[in-house]
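Chemist: Position one of the sequence shown corresponds to residue 6 (my numbering), numbered consecutively onward.
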Amino acid sequence: MEHLRRFDRVVGAVTQAMREGRIGFSLQQVNAVDDTGEVLYSECLGRLVERDGAVRTSEEFTAFLEASGRVASFDRYMLGLAFEWLDCNPSGVLGCDISAGNILDENTWSELYDLLSRNREMASRLVLEITECLPLATLPMAAEFIEGARELGYRIALDSFGTGHSTPESLLSVPVDIVKLDAFFIGRGQSGGKGQGKGGSKGFLHHLVGLASCVAPTVVVDGIETYGQLEAVKKAGATHVQGFLLSEPTLYPVYCGQPAPLPAAIRRSAGSRQLHS
Numbered sequence: 006m007e008h009l010r011r012f013d014r015v016v017g018a019v020t021q022a023m024r025e026g027r028i029g030f031s032l033q034q035v036n037a038v039d040d041t042g043e044v045l046y047s048e049c050l051g052r053l054v055e056r057d058g059a060v061r062t063s064e065e066f067t068a069f070l071e072a073s074g075r076v077a078s079f080d081r082y083m084l085g086l087a088f089e090w091l092d093c094n095p096s097g098v099l100g101c102d103i104s105a106g107n108i109l110d111e112n113t114w115s116e117l118y119d120l121l122s123r124n125r126e127m128a129s130r131l132v133l134e135i136t137e138c139l140p141l142a143t144l145p146m147a148a149e150f151i152e153g154a155r156e157l158g159y160r161i162a163l164d165s166f167g168t169g170h171s172t173p174e175s176l177l178s179v180p181v182d183i184v185k186l187d188a189f190f191i192g193r194g195q196s197g198g199k200g201q202g203k204g205g206s207k208g209f210l211h212h213l214v215g216l217a218s219c220v221a222p223t224v225v226v227d228g229i230e231t232y233g234q235l236e237a238v239k240k241a242g243a244t245h246v247q248g249f250l251l252s253e254p255t256l257y258p259v260y261c262g263q264p265a266p267l268p269a270a271i272r273r274s275a276g277s278r279q280l281h282s
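1) Let me check one thing: in DSSP terms, what residues is glutamate 134 bridge-paired to?
2) Starting from the Cα of aspartate 39, find the closest Cα among Asp57, Lys240, Ala87 and give me that residue.
3) If I follow the unbroken alpha helix (DSSP H) through arginine 52, where does it start and stop?
4) CA-CA distance, arginine 278 and aspartate 57?
5) Less than 8 Å separating the beta-carbons of isoleucine 161 and aspartate 182?
6) Which residue comes first and which comes last in the beta strand (DSSP E) that contains serine 115?
7) Quick check for students: name the residue ranges of the beta strand (DSSP E) that lie wholly in the region 212 to 251, counting only runs of 3 or more.
8) With DSSP run on the structure shown, which of helix, strand or coil describes phenylalanine 287?
9) Hey, how far is the Cα of threonine 244 from the Cα of serine 104?
10) Would you mind stating whether leucine 131 and leucine 91 have Cβ atoms separated by less than 8 Å?
11) What does the Cβ neighbour count give for asparagine 94, buried or exposed, with the cut at 16 atoms within 10 Å?
12) For threonine 357, count neighbouring C-beta atoms within 10 Å of its own C-beta (all shown protein chains included) and say buried if the count is 16 or more, exposed if not.
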């Protein structure tokens, strides 16, 4: 029962924060391996600002939104913020997460596609990072959505490849422009000990990068925190990296949207509810 109450509190707090304009994002760059000063784009990392000023990262609540079926609203909200930022920063290029759950429902699919279509003049400056809360290869509408978004001019990145539902089947079944390898693999590659010999985890990273590069011209390895990891990724053949070594995002958001009108009934019932109250 307590788990269900916490679940409701988190989902309600995020929904209310969107209404009040307390959702925003920080930025983390994706840098070229051969020239780390070259930035491919900056990923939007979701942030929720509590009424008392505390900041929550999207990792603290996204799973709750996915389980409740409310992640589509959050994704559209974040996309709206990204388009606002791009409109104010004509030379900027962003990456924004889109959960594969958005593609399950036809109405949700249509709303998301309409938002992308209305802002297609900024398509070349926005990368859609598809995160797999469901097996992407089994969704019949996935390829249609991705192909439609690419026709509008958006680039598609398959996020966290190699973990969870992201599999070689996913990689080969949908057209993508960028493949992002999860930080787990570079962690294994630098951990030392078991698996570091011939055919060990460094070799595994090399083969994984090779597989990704067969279907996408850009391969990003996430979670880079040391120069040793950067060198390992370079030797493995990746084109880009992301991580604290080259770009440490701020906790407080660099951009938030404008508050939307909050109905009186919601104001009375909402009180001062917070994410972790």
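Each residue gets a CB set at the ideal place from its N, CA and C atoms; glycine is no exception.
Modeler: With the structure as the only source:
1) By 1-based counting over the sequence shown, the position of residue 134 is 129. DSSP lists Asp102, Ala162 as partners of glutamate 134.
2) Reading the sequence shown from its first residue, position 34 is the one you call residue 39. Cα-wise, what sits closest to aspartate 39 is Lys240.
3) Taking the sequence shown and counting its residues from 1, the one referred to as residue 52 is at position 47. Looking at the DSSP string, arginine 52 is not in any alpha helix (DSSP H); the run it does join, the beta strand (DSSP E), is 44 to 54.
4) Residue 278 sits at position 273 when you count from the first residue of the sequence shown. Residue 57 sits at position 52 when you count from the first residue of the sequence shown. Confidence in arginine 278 is poor, its pLDDT being 44 and thus under 50, which makes the residue's placement unreliable; the coordinate value appears in the next sentence. For arginine 278 and aspartate 57, the distance between alpha carbons rounds to 11 Å.
5) Taking the first residue of the sequence shown as position 1, residue 161 is located at position 156. Taking the first residue of the sequence shown as position 1, residue 182 is located at position 177. In this structure, aspartate 182 lies closer than 8 Å to isoleucine 161 by Cβ.
6) Translated into the one-based positions of the sequence shown, residue 115 becomes position 110. Membership of serine 115 in any beta strand (DSSP E) is not indicated; the residue belongs instead to the alpha helix (DSSP H) covering 111 to 123.
7) Correct list: 223 to 227, 245 to 247.
8) Because residue 287 is not part of the residues shown, which for the chain are 6 to 282, the question remains open.
9) Start at 1 with the first residue of the sequence shown, and residue 244 comes out as number 239. Start at 1 with the first residue of the sequence shown, and residue 104 comes out as number 99. When rounded, the distance between both Cα atoms is 24 Å.
10) What you label residue 131 is simply residue 126 of the sequence shown in a count that begins at 1. What you label residue 91 is simply residue 86 of the sequence shown in a count that begins at 1. Going by C-beta atoms, leucine 131 is nearer than 8 Å to leucine 91.
11) Reading the sequence shown from its first residue, position 89 is the one you call residue 94. When all chains shown are included, asparagine 94 counts as exposed.
12) No answer is possible for residue 357: it lies beyond the span of the chain, which begins at 6 and ends at 282.
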